[in-house]
Structures are given as C-alpha cells and as structure tokens.
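Positions 60 to 526 (this note's numbering) are the ones given, in order, by the sequence shown. Report on the structure given below.
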Amino acid sequence: MDIKNSEYEKYIGLLLKHNEKRREGGKEMLAYVYTFGCQQNEADSERIRGLCASMGYGRAQSADEADLIIVNTCAVREHAENRALSMIGELKHRKAENPDTVIGICGCMVAQRERAEQLKMRYHNVDFTVEPNSVYMIPRLVWQKISDKKYKRSFMWDTDTGEVCEGIPVMRDVSHRAYVSIMYGCNNFCSYCIVPYVRGRERSRKSEDIIAEVNALIDTGCKDITLLGQNVNSYKSDCDFATLLSRITEREGDYIIRFMTSHPKDTPDALIDVIATSHGRVEPHFHLPLQSGSDRILRDMNRKYGTERYLTIVKKLREKIPDIAITTDIIVGYPGESEEDFEKTLDIMRLVRFDMIYSFIYSPRKGTPAAEREQLSESVKGERMRRLLALQDEIAIEKNQRAVGTTVRVLVDGESSEMGIYSGRTAQNKLVHFSATENDVGKYLDVEIERASAYVLYGKIKNEKRI
Ligand code: SAH
Ligand code: SF4
Ligand code: F3S
C-alpha cells in the first residue's frame, strides 16, 4: 500500500488543520519521539517524526513540552523492555500536568499481546499501542483520541498485514548520513530471538522505490547511506540483494553504501564480488553475526550455518577485499553452553580477529524455544562475558594500533562528548576522534591517526588549510 491516497491521508489532513488552528490561536502543538532498540527502530522513528510533522506538530525538545509523545520500543532483551516500561511509567507526570497529552507506544515490545495487555491494564496514561509494521495508523489513532470525547483507548498488537507501506514522509536529523529500510521482518526463527514474532515475516520493498530514494538522497548531498533490514542480504523482490547493490552503485559520485544486518546463510560469492568491484562505493566492512563458535550451539540456535561455512566466507571476504573490516554479534551464556563451547567461541575470535564485536548476555525471551531450556547462572554468564570482552579488547587494540601513522578519510558526524573534539567514521566504519569545527560536519576530511584504543582512533586533520 501507499499512504498517499489511503484513508490515513484523511486523518493527516484533519490533524494538520486542527493543529494549524491551534497555532493561529497562539499554541504550537509539539511532538516528541523516544527510540529504543536497533537501527531499524531508528529508521522507523524517522518515519514517525515525518508523520508528526505532516500532521502539523512541531518538534519538542523533550517530552515535558510535548502534546504528542510516541515511545518506539524494543523487545530483544529483557533490559530493553524494562527501560521502555520505566520510561512509559514516568510519562504519567506529563499526563497529570496536561491531561490532553496524547501518549502512544509502538515498536517491537507492543507487538506481543501480553505487553499490549499489560500496558492497557496497568499504564493508564497510555492512549494507544500499535505494532511496528503499522506506524502508518498513528494519524488515525491520534485523531480519534483528540476528536472523540468518548474515546476508548486502543491496544493493537496484531495488525500486521504482511505488506510494506510506501510513501510515509521521513524526517532525518542530519543530511550527510541516512538509513534506508529495504526489507522488514525475519523468517529465520533463531531459537533465542523474539524478532520474527514481533516483526513478522520477511517482505522487501521494490528495487525501483529503493533506488529512487537513494538517488534522491545523493542528489541532496547525502554521502553515507545504510541499507537496513533484519536480514538485509535476504532481500528478495524483483531482484536479489547483490543485484540491488550493484544497481544502486552504478551511479557515479562521492558516496558510500553500507548495509546491515547480514546473515551468513545469505552471503553468496556474488555479493562479495559486488563489494569488491564497487570502486569503493560499497563499504569495505561486513557485519556478519556469528553468535557462537561452537557448531553444537549453532545447530541448537537454528542458525543454518556451521563454523566451517562462516570461516570460508571470512576467507573469501579477505581475499577479495583485503582492507575489509569484519565485525560480529556474539551471545554469551546461551542455555547449555558448556565451558568447552565457550572456549570454541574464544578460539574463533582469535582466528578471525574481528575489528569489533557486539556481545550480549543471553536473555530468555518468552515464547522462544531457548527460553524453555535450563538456564546458566548469572555468575557463569557474567564471568564468560568478562573473558570475552578482555580478549576482544586485546585484539581490537592490536588491530587499531596498526592504523597509527596512517591517514584515513573520515566523514565528520558532529561533536563528541568532549568540547571541540569531533567524531566521524571511516569507510570501514571505524570511529575517529579529532579536533574540528561545526563547519566541518558533513564533510570528508583526511585525518592522520596519532593513537588508538580498542574502540576509537584519535588523530588530527591533515594538511589543514583554513580560510
Ligand atoms: N537480524 C540480526 C540482528 C538481530 S538482533 C541478525 O540476525 O543478526 C541483534 C543481536 O541481538 C543478535 O545478533 C543477537 O546477537 C542478539 N540477540 C538476539 N536475541 C537475543 C537474546 N534473547 N539474548 C541476547 N542477545 C540476543
Ligand atoms: Fe533474530 Fe535470527 Fe532473525 Fe536475526 S536472523 S532477527 S537473530 S531470528
Ligand atoms: Fe529491538 Fe525490534 Fe530492533 S526487538 S533490536 S527494535 S527489531
């Protein structure tokens, strides 16, 4: 479907008129969006902000001044849900201050019936929930709440039609970097993971819609575009992912295309070839979640590859793209993980020498097969996590040290937490800190690396010529 010419356009129009009238009366209506979770949620929040703007809401600096508050939640680990729930609880102050404030919850957490019901029963400040593939419904839900004095709260968790909704306006914070969602959902049902239950089955956008969006971004000066999907490389519509990448990067220009997250089972040689022959237009970086170095555990996780296949992909990537950075996700303390299984994960880390690892302590998710198994103790999980992090720090420092003395090209993102120190990313997605000015944001600069830690390269702008 397309939101243009749909019934939702009508509600956008009604809200726009309503909010404009309020503005003329001296009250600017403001919206605030909170985001938890992964890049997919960040991208969804950009669409929600786009919807809010088209409904005539200005952008609030915080929830305290907002008339419409949307919380975009995550369910991947217990911690993410707890954070969202406590934040939603806090919002009762805003509702007490101004009972007309509209509060809606979307994202993965509320695609679980149990959570939608919990919010309905115990969080009376919440007006509606809507599952992540149905954010286009937000205008209707907001309009109903505002226009209907007898409005009954609405708790929807199962409205996913399996379709993609095109045409939702997107509001991005910066113009030099952008996310473009190319597919949604997941069919893999890894035994530990809630995502397939909350995001539904895989569906891909048409290649022409994606290429048009990417081209429009590059036309307006965007230099760094990340194609997103829960399983980005299982993209399948009128072409496959490798073909999509090669069609996108036919375009000349100074830009880079990134993609995440990939699944090892969907990494054919053709995809590696497209990256290798893209003239640097596809990032020399591959994020390839391994999860465990033990074949027994991988089988139990339903990952559909073994360590041998994984290592073959790594070997091919390094043969064809010698400067490639390889990063991964690892779960520590999966049910039944023995000391020997865990050692195998450490062994593979020593062998591959990842540039970076996102490591997670296993968190049981209700409704997934692994949550039913006997669990490891928190102390075993914690101790393994510490060992894993210590090993990765050693590897990453050693790898990053090699960059000292070299010059890297960096796209400047903005000021870091330290005043006057700016951060940016290299083509390999390495984080670099250097002193710069606001004027440099969104530009490419050559930075000479002077020192390195496990996570950051520190340097200075090379041959600085300033007017
Ligand atoms: N679709 C992507 C990422 C999904 S979620 C992929 O398949 O790689 C991101 C990461 O969270 C996963 O790679 C996994 O390492 C981690 N994760 C997922 N479920 C988890 C759980 N129940 N406990 C701990 N980590 C989990
Ligand atoms: Fe979760 Fe596995 Fe799907 Fe990734 S591939 S989202 S880990 S079920
Ligand atoms: Fe969380 Fe949903 Fe992303 S569960 S990690 S926000 S896909």
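We put the CB at the ideal spot given by N, CA and C, even for glycine.
- Message: What does the alpha-carbon distance come out to for the pair V527 and G244?
- Response: Examination of residue 527 is not possible in this model, given that the chain is present from 60 through 526 alone.
- Message: Classify I456: buried if its beta carbon has 16 or more other beta carbons within 10 angstroms, exposed otherwise.
- Response: exposed
- For ligand 3, is there a heavy atom less than 6 Å away from the beta-carbon of C224? no
- Task: Whole angstroms is fine: what's the gap from K440's alpha carbon to G166's?
- Result: 28 Å
- Query: Pick from N361, T387 and E311: whose alpha carbon is nearest that of L347?
  - Reply: T387
- Contacts around S250, its chain only, beta-carbon distance under 8 Å, and the 5 residues preceding and following it disregarded: D359, M360, N361, T427, P428 and A429
- Message: Our contact map puts Y294 next to P323 with C-beta atoms below 8 Å; I'd like the distance itself, whole angstroms only.
- Response: With a Cβ gap of about 15 Å, Y294 and P323 do not count as contacting.
- Query: Grouping DSSP H, G and I as helix and E and B as strand, with all else coil, what is I526?
  - Reply: Per-residue confidence for I526 stands at a pLDDT of 47, beneath the threshold of 50, marking its modelled position as unreliable; the derived number appears in the next sentence. If DSSP states are grouped into helix, strand and coil, I526 belongs with coil.
- Message: Counting C-beta neighbours from all protein chains within 10 Å, is the total for I129 16 or more, i.e. buried, or is it exposed?
- Response: buried
- Between the CA atoms of E497 and S266 - distance to the nearest angstrom: 36 Å
- With DSSP as the reference, label I390 as helix, strand or coil. strand
- Task: Check whether the Cβ of G72 lies closer than 6 Å to any heavy atom of ligand 3, and answer yes or no.
- Result: no
- Per DSSP, which residues does F214 bridge with? Please list them. T188
- Message: Judging by CA-CA distance, which residue of I356, Y314 and S476 is the nearest neighbour of T404?
- Response: I356
- Task: May I have all residues whose beta carbon comes closer than 6 Å to any heavy atom of ligand 2, sorted in chain order?
- Result: C245, N247, F248, C249, C252, V254, P255, Q289, N290 and H322
- Message: If the criterion is Cβ atoms closer than 7 Å, does the pair L23 and V469 meet it?
- Response: What the structure shows of the chain is the stretch from 60 to 526, and residue 23 is not part of that stretch, so it cannot be assessed.
- Would you say N192 touches ligand 3, meaning its beta carbon is less than 6 Å from a heavy atom? no
- Give me the Cα-Cα distance between I526 and T466, rounded to the nearest whole angstrom. Residue confidence is low: I526 scores 47 on pLDDT, short of 50, so the model does not pin down where it sits. Its coordinate-derived value is still stated next. Computed Cα separation, rounded: 22 Å.
- Message: Between A170 and ligand 3, is there a pair consisting of the residue's CB and a ligand heavy atom that are separated by less than 6 Å?
- Response: no
- Item | Alpha-carbon to alpha-carbon, N157 and Q350 | 46 Å
- Three-state secondary structure assigned by DSSP to C111: helix
- Which parts of the stretch 337 to 393 are runs of the beta strand (DSSP E), unbroken and 3 residues or longer, counting only runs that do not cross its ends? 344 to 346 and 384 to 391
- Message: Count Cβ pairs between the stretch 380 to 400 and the stretch 204 to 215 that sit closer than 8 Å; are there 3 or more?
- Response: no
- Task: Could you please give the first and the last residue of the uninterrupted beta strand (DSSP E) stretch that includes R531?
- Result: No statement about residue 531 is possible, as the shown extent of the chain runs from 60 to 526 and does not include it.
- Query: Quick one: is the Cβ of F419 within less than 6 Å of any heavy atom of ligand 1?
  - Reply: yes
- Item | Residue nearest to S321 in terms of C-alpha spacing, selected from G479, F300, R236 and E433 | F300
- Note down the Cα distance separating A513 from F419, rounded to an integer number of angstroms. 18 Å
- Task: Going by CA-CA distance only, name the one from Q171, G288 and K208 that's closest to E101.
- Result: G288
- Item | Beta-carbon gap between I380 and A329 smaller than 7 Å | no
- Bridge partners of V515, per DSSP? L490
- Query: Leaving out five residues before and five after S475 in sequence, what residues of the same chain have Cβ atoms less than 7 Å from its Cβ?
  - Reply: Y481, S482 and H492
- Under 7 Å Cβ to Cβ from A139, same chain only, skipping five residues before and after it: list those, please. F95, G96 and C133
- Task: Leaving aside the five residues before and after I269 along the sequence, list all residues of the same chain whose C-beta is less than 6 Å from its C-beta, in chain order.
- Result: I241
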